[in-house]
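Order-wise, the sequence lines are chains R and V. Under the numbering used here, the first residue of the first sequence is numbered 1, with each subsequent residue one higher. Under the numbering used here, the first residue of the second sequence is numbered 1, with each subsequent residue one higher. C-beta atoms are modelled at their ideal positions from N, C-alpha and C, and glycine is treated no differently. Owing to the predicted nature of the structure, the values given are computational and were not obtained by experimental measurement.
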Amino acid sequence: MFEFSSIEQYHQSLQEGNITCAEAVAHYLEQIKKTGRLNAFIEVYEEEALQKARELDNQRRQARPLGKLHGVVIGIKDVLCHKDHLLTASSKILEGFTSIYSATAIERLLTEDAIIIGRLNCDEFAMGSTNENSAYGKVLNALDETRIPGGSSGGSAVAVQAGLCMVSLGSDTGGSVRQPADLCGIVGLKPTYGRISRYGLIAYASSFDQIGIFSKNIPDAALLLEVMAGADDFDSTVSERPVEQYSSSLTENKKYRIAFFNEALDHPSLDPEISKAMKGTLEDLRQKGHNVQPVEFDLLEYIVPAYYVLTTAEASSNLSRYDGIKYGYRTPVATDGLTEFYKETRSKGFGKEVRRRIMLGTFVLSSGYYDAYFTRAQKVRKLLYEKIKLIFNQFDFIFLPTTPAIAFRIGEKMTDPISMYLADIYTVMANLAGIPAISVPLYTHSSGMPFGLQVLSGRFNELSLLRVSNKLMEQYPKQK
Amino acid sequence: MVEKLAHLARLKFNEEEKQEIKSDLQRMISFVEKLNELNLDGVEPLLHLSDEVNVLREDEIKGSVSREEALKNAPLHDGEFIKVPKVIKK
């Protein structure tokens, strides 16, 4: 039976003739069928993936040069355009929408001969932390099916966790890659804002959104990042900086300067077991000769409120494009005039959480409240940005928990939006400041559920981030 | 307030939903009012996260989509134009 450990290992097996791409794809198709109840996939491209695999197998036999992602089986979150494939953001309002172009990130994966096996379930428009807000139903955590996988990229996390593809893509606006990765026990990377082009990514909050990667190990995440990152004619906010060869330069022996916040580790909402595990790791790293220091951080209580003001404002603006006219769901109700038509369409097309966020965003942007809420939050963002910059003048990394608790039970957080929002307390910081961050799966809770360690680095310092994460996974292998 | 916001957002809520969204909004607004505790005198709002400024290109026609592609996802069209409910009334 096919067992995946890393892309490098897979490529070696392909070269040695121990496996073919077609066999790998067939394996995943079977696994997806067997685990259908997890509801990770919205659609599986069975025929297309097999066909592509056969083509790649032929190419390899003819000894033609192979793409960096030759035959790598990838699942993508249902927020990324993939030409001639359906795309819904798990929303009824995009029912039947077919992409007429591919996202730059997807285009680059395909150019390197990746195989896209299907699109993955998520919270509607990437809004949520549990993957319970999907028009296609909730996703289950494969390690305990009574628990949520996290969100919003819950399907993407479960697809890698349960071995339904090799790596997957998500999007991370406030933790939507790192949080489900943490709760599912895998790697979740959010790059610097502007490292990967957002062209073809359905917009939630444009100054926060970034495409992220789920994987079982660091070298695989590094390789995907290397392929997708870099300048793009179609996104004016993407960075022109050259892309480093992350995957071939992961080994480094260095003593790091690591900052942590007592305010975060002693936070009343943090599970004491998570706090203890992290403190243990920090102490061990100190003993190994790294410079591990507490830094005062008094903004922790403000970052989630600032995040919700800014992201809902951007969302209310971004989601105004769904009008029932250009694409997607259109109300069948006969209405009197256009305004009524928009209201009918949008009220039936959007789910509850999306409507809630559009309403809050409309409020903070409305005349008379704009300065008191929106501008104020932008100022808080500036304070945080400057504070983070100062920290990275003195330190290589900030270590934080990824989430305050292990995966919730299904239904636990659905009624109270605030308690769900507070679960984002450790992840939104990286999106507000635009810095890269990763959740590294290091720990197992007494309940048997996994949790991760979050590492943040300075802007565009993905290389250091991946190196230290690689080292952490080697040094602290999870007890099975 | 709820009705005004709903109109601005082009949404509508029935009576029951109105009560619910009202209470949700109240709770969310008092939650974000936490920001009032901070002294922000002299702090400039952060407007852009990207370092890239004025990314320009030559003024060439490229990257547009065909009419057929543009109409592909429109729920109602006549092959040439997208159709909308009647706007101008007699």
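Of the candidates R/44, R/24 and R/270, R/44 places its Cα closest to the Cα of residue 33 of chain R. At least 8 angstroms separates the CB of residue 81 of chain V from every CB of chain R. Contact check between the segment 443 to 457 of chain R and the segment 395 to 409 of chain R: three or more CB pairs, one atom from each, fall below 8 angstroms, which counts as touching.
In the three-state reduction of the DSSP assignment, residue 39 of chain R falls in the coil class, being assigned neither a helical nor a strand state. For residue 77 of chain R, DSSP records a beta bridge to R/120. When 7 angstroms is used as the limit between beta carbons, residue 343 of chain R is near these residues of chain V: 10, 11 and 12, in chain order.
Between the C-alpha atoms of residue 317 of chain R and residue 47 of chain R there is a straight-line separation of about 38 angstroms. In the structure shown, residue 93 of chain R falls within a helical segment according to DSSP collapsed to helix, strand and coil.
In summary, residue 254 of chain R is exposed, with fewer than 16 beta-carbon neighbours lying within 10 Å of its beta-carbon over all protein chains present.
Annotation for residue 74 of chain V: 82 place their beta carbon closer than 6 angstroms to its own, counting only its chain and skipping 5 residues before and after.
Beyond the five residues adjoining it in sequence on each side, residue 428 of chain R comes within less than 7 angstroms, by CB distance, of 174, 175, 303, 304 and 307 in the same chain, given in chain order.
Taking 8 angstroms as the upper bound for CB-CB distance, residue 309 of chain R and residue 377 of chain R are in contact here, some 4 angstroms apart. Going by beta carbons, residue 214 of chain R and residue 261 of chain R fall outside the 8 angstroms limit. Shown here, residue 12 of chain R sits in a helix according to DSSP, grouped into three states. Exclusion of the five residues before and after residue 218 of chain R leaves 187, 250, 466, 469, 470 and 473 as the residues of its chain whose Cβ lies within less than 7 angstroms of its Cβ. Distance from residue 131 of chain R to residue 123 of chain R at the Cβ level is roughly 6 angstroms; contact confirmed, criterion being Cβ atoms closer than 8 angstroms. Residue contact with chain V for residue 463 of chain R: absent (no Cβ-Cβ distance below 8 angstroms to any residue of chain V). Pairing residue 135 of chain R with residue 92 of chain R gives a Cβ-Cβ distance under 8 angstroms. Annotation for residue 167 of chain R: the continuous beta strand (DSSP E) segment containing it runs 167 to 171.
Two segments are said to touch when three or more pairs of C-beta atoms, one from each, lie closer than 8 angstroms; by this definition the segment 98 to 112 of chain R touches the segment 74 to 88 of chain R. Counting the other CB atoms within 10 Å of its CB gives residue 256 of chain R a total of 16 or more, which places it among the buried residues. Counted as a single uninterrupted DSSP element, the alpha helix (DSSP H) harbouring residue 282 of chain R occupies residues 272 to 287.
Shortest Cα-Cα distance from residue 407 of chain R to any of R/103, R/184, R/88 and R/156 involves R/184. Interface criterion not met: the Cβ of residue 61 of chain V is under 8 angstroms from no Cβ in chain R. Residue 165 of chain R and residue 109 of chain R have their C-alpha atoms spaced approximately 14 angstroms apart. For residue 293 of chain R, the enclosing beta strand (DSSP E) starts and ends at 291 to 294. Annotated as distal: residue 206 of chain R and residue 353 of chain R, with beta-carbon spacing of 8 angstroms or more.
Between residue 278 of chain R and chain V, the shortest Cβ-Cβ separation is not below 8 angstroms. When CB distances to chain V are screened at a threshold of 7 angstroms, the residues of the segment 358 to 390 of chain R falling below it are 358, 359, 360, 362, 363, 366, 373, 375, 376, 377, 378, 379, 380, 381, 382, 383 and 385, in chain order.
Contact check for residue 168 of chain R against residue 75 of chain R passes: the beta carbons are separated by less than 8 angstroms. Pairing residue 133 of chain R with residue 351 of chain R gives a Cβ-Cβ distance under 8 angstroms. Beta-bridge partners of residue 441 of chain R (DSSP): R/452. If you check each beta-carbon in the segment 412 to 441 of chain R against every beta-carbon of chain V, the ones closer than 8 angstroms belong to 417, 418, 421 and 434. Less than 8 angstroms separates the beta-carbon of residue 52 of chain V from that of residue 240 of chain R.
For residue 230 of chain R, there is no enclosing beta strand (DSSP E), as DSSP marks it with neither H nor E.
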